[in-house]
Amino acid sequence: MADLEIRDLTVEADGAEILRGVTLDLDKGKTIALMGPNGSGKSTLAYAIAGHPAYDVTGGTITWQGTELNDLTPDERARLGVFLAMQYPVEVPGVSLTNFLRTAVNAVSDEEVPVREFMTRLRTEMSELGVDESFLQRSVNEGFSGGEKKRFEILQAALLRPQLAVLDETDSGLDVDALKTVAEGVNRLRGPDLGVLIITHYTRILRYIDPDEVHVMFEGRLVASGGPELADELEDKGYENLKAGAAT
Amino acid sequence: MNLDALTEDELTDRSDAAGEPSWLRDHRLAAFKRYLDQGWPNSRADEFWRSTPFDRRFTTDRELVDDASTVTAPRSLTDDLEVEVAQARFVDGVVTDITVPTSLAEQGLVVADLATAAAEHEETVAKALGSLTTGDPDGTGANEDRTIAVNDAAWTAGVFIHVPAELEVDAPIGVHIHATRPGAHLPRVLMVVERHAKATLYLEHTSVDGVDALVDEVVEVVAHDGSEVQLATLQSWANEVQHLSLQKVQAHRDATVRTLSVTTGGATVRLRPECDLVGPGAEVRPLGVYFADDGQWFDLQPYVRHIAPQASSDILFKGALQGRSQTVFRGNIFVARDAVGTSTDENNKSLILTEGAHADSTPFLEIECADITAGHGSATGQIDALHLFYLESRGIPREEALRLIVFGFFREVLTELNLPGLEEAALAAIEARVESADLSAFQVNDAGLKDHVDA
Ligand SMILES: Nc1ncnc2c1ncn2[C@@H]1O[C@H](COP(=O)(O)OP(=O)(O)OP(=O)(O)O)[C@@H](O)[C@H]1O
Ligand SMILES: [Mg+2]
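Protein chains in written order, with the numbering used here: chain Y, 1 to 248; chain X, 1001 to 1455.
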């Protein structure tokens, strides 16, 4: 049995069916890349794993290390080690970044992390990810640039130490240097205890984070899978072949 | 003496018994005439009272309280600061203690009983007292209703604070008003900050649980040229108190004024944090936070009058409501015909936490001058489900996430002033409200959930 098992998953949002039966396995220690055209349902899958309230699972199951996630709240899932780096991180006005991170770290840890230890960890991770100290005074994502938001998502992953990390287009909006920093950040987290599902449109991040498998989503279904070479092929040829295939 | 039936004889006797100078007695008697000339506010007729029914929310048939003989002094916010502070305490209509650190006294800071100061600092006090409540010839002055006139005539405990020119008082000056007896309390605060001086006043209000008191208060602050004044008021009453307060600042040339009213306690609180900008280049930032719980009614009426040109103001009030509570925000900005180059803005945001709470919000602008920039806004909403999801997705349990969001809503305002001990005190007051709340009843607005699709 795989650590993450998604079986025949169907998901609706706002009354419309978006995922039409997705089955996927991911083990800790492995990295899977998920690609596919805009609107195909990649983020929907990511949100369904995290428990976003706008997405209704209408059929199928998501099982993580033997526990079915379907009926768990987002915070319960997070405390089981599930983490989603969002495509569009949310600005939460007034909530101080330091306070937020400390509350989150304490929530996912078995025991409370002493303040000093927490601050040391926080400062270390921030400098590794090139996040300036001045961000400590700011509110969660408020007024962050697109790239800063993405870095902050990875900073959270580094502090929360998840066992399943879903990275939804963490690479988009990053300049060349930022991409490298962020990818290195992700690589520091990788290891036998972390499974990674990385959603992307581009192979450039996959040059840093080499996937074990590549899957392609189209109109709410996984329609192709393969090794890293599949990503290169898609980047060269686009999704036209898929569309042609789906039409017949 | 009953608040509904003041008499000239009693006012005269009291003034004489207190050893007040004759000018002050005459001042009281003049106010008494204005008191006689009008009845209590009529919410049907008076536009400033339209949103709060005076006769249902306030009881005026009460005896004046001025006996603190059996009471132990409460602990004040300024007692807990790590600096030496000047402070005054009023308990049950009596000034019970005043302390001024020697170093500040030597530099000329005065914190004194107002009745005594009326004789000892006659010139300053006589000029300033009542100058902001009774329309003065320059055309400023508050809209005076009977709630003001009654205080002018019959105030019991009063404090006079004088900050001499150029003196910068870094530590806040504390005035703590405490009620332990039912009845009518009429406190009075007069503060004069001379040119290029700097001072911060904390005005703290508390009461003992179960005490049904009416507190009718007038605070006047004169900020002379180039001075810097901060006024923070904490309405931390127990649940029964009815509070009427005019907290008025007059800002002269290039004065910088910042006010913050924190309102969490009381049955009915009607605040008028006002500022008249009478000198060019004056600047005011009126801030407010409030949290109304079941049964509470807060009516907040910040008022800024731009009399002089090139002055600026920016009002921001934020409130949260839960249970069957009511808040009224009626912000007013008046820009006189000659106040060219005015820059003004006014905003109110309400967070409705549970069903049954009502927030009324009307930001008014009354502009007689064309050459200005002005804005105003009002927003009422609920906790955003997307914010909640983001926090929850990081493992933070729902209740804790809700708390973080509510505090975050206020933090924007509270961190702006950076006043020692105040942010903590305000958050603690808010926290006490949130603690008692049924978080599962909080309403969440999920309209924002689709935002990411359009992002
Ligand atoms: N909350 C929602 N309500 C209604 N429709 C939604 C919602 N979320 C997603 N959709 C729709 O579902 C489809 C899939 O959206 P999704 O965000 O999963 O695509 P995606 O594969 O992540 O696309 P992209 O590459 O552009 O990020 C789209 O047509 C989108 O408009
Ligand atoms: Mg997406």
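Ideal Cβ positions, reconstructed from N, Cα and C, are used throughout, including at glycine.
Check: Below-9 Å beta-carbon distance, Pro1397(X) vs any chain Y residue; Outcome: yes
Check: Exposure of Gly1266(X), with buried meaning 16 or more beta-carbon neighbours within 10 Å; Outcome: buried
Check: Asp168(Y): CB within 8 Å of a non-hydrogen atom of ligand 2; Outcome: yes
Check: Assumed close pair Val1444(X), Gln1382(X) - CB separation to whole angstroms, cut-off 8 Å; Outcome: 6 Å
Check: Continuous beta strand (DSSP E) assignments of at least 3 residues falling wholly in the stretch 176-233 of chain Y; Outcome: 195-199, 213-218 and 221-226
Check: Distance between beta carbons of Ala1213(X) and His1185(X), contact taken as under 8 Å; Outcome: 6 Å
Check: Closer than 9 Å to chain Y by CB, Asp1446(X); Outcome: yes
Check: The stretch 1162-1173 of chain X in contact with the stretch 1104-1122 of chain X per 3-pair CB rule at 8 Å; Outcome: yes
Check: Asn241(Y) at chain X interface by Cβ criterion, 9 Å; Outcome: no
Check: Distance cut-off 8 Å: Lys30(Y) Cβ against heavy atoms of ligand 2; Outcome: no
Check: With 16 other Cβ atoms within 10 Å as the buried cut-off, status of Asp1066(X); Outcome: buried
Check: Outcome for Val115(Y) when other beta-carbon atoms lying within 10 angstroms are tallied against a minimum of 16; Outcome: exposed
Check: Simplified DSSP assignment, three categories, for Gly1323(X); Outcome: coil
Check: Cβ neighbours of Thr1362(X) in the same chain (closer than 6 Å, five flanking residues each side left out); Outcome: Arg1330
Check: Minimum Cβ-Cβ distance from His201(Y) to chain X less than 9 Å; Outcome: no
Check: Selected residue, minimal CA-CA separation from Asp1446(X), among Gly173(Y), His52(Y), Glu148(Y) and Gly146(Y); Outcome: His52(Y)
Check: Three-state secondary structure (DSSP) of Lys30(Y); Outcome: coil
Check: C-alpha gap between Arg1394(X) and Ala1401(X), whole angstroms; Outcome: 10 Å
Check: Under 7 Å from the C-beta of Ser1393(X): neighbouring residues of chain Y; Outcome: Ala50, Pro74, Ala78 and Leu84
Check: Cβ-Cβ separation, Phe1334(X) to His1306(X) (assumed contact under 8 Å), whole Å; Outcome: 7 Å
Check: Residues of the stretch 151-169 of chain Y with Cβ closer than 7 Å to any Cβ of chain X, in chain order; Outcome: Gln156 and Leu160
Check: Counterpart residues of Thr1099(X) in DSSP-defined beta bridges; Outcome: Gln1087(X)
Check: Buried or exposed (CB count within 10 angstroms, at least 16 for buried), Lys1248(X); Outcome: buried
Check: Residue range of the beta strand (DSSP E) that includes Val947(X); Outcome: Since the displayed chain X opens at 1001 and closes at 1455, residue 947(X) lies outside it and no answer follows.
Check: Local conformation of Trp1049(X) per DSSP, three classes; Outcome: helix
Check: Terminal residues of the beta strand (DSSP E) in which His1185(X) lies; Outcome: Gly1183 to His1185
Check: Chain X contact for Ala104(Y) (CB, 9 Å cutoff); Outcome: yes
Check: Contact between the stretch 1220-1231 of chain X and the stretch 1251-1261 of chain X (3+ Cβ pairs under 8 Å); Outcome: yes
Check: Classification of Thr58(Y) by the beta-carbon crowding that lies within 10 angstroms, buried from 16 upward; Outcome: exposed
Check: Limits of the unbroken alpha helix (DSSP H) element including Leu97(Y); Outcome: Leu97 to Val108
Check: Distance between Ser1350(X) and Lys1318(X) (C-alpha atoms, nearest Å); Outcome: 6 Å
Check: Status (buried if at least 16 other CB within 10 Å, exposed otherwise) for Asp1097(X); Outcome: exposed
Check: Heavy atom of ligand 2 within 8 Å of Ile18(Y) beta-carbon; Outcome: no
Check: Closer than 9 Å to chain Y by CB, Ala1441(X); Outcome: no
Check: Beta-carbon contacts of Ser1015(X) that lie in its chain and below 7 Å, excluding the five residues immediately before and after; Outcome: Leu1024, Arg1025 and Arg1028
Check: Three-way DSSP call (helix, strand, coil) for Phe1058(X) in this model; Outcome: coil
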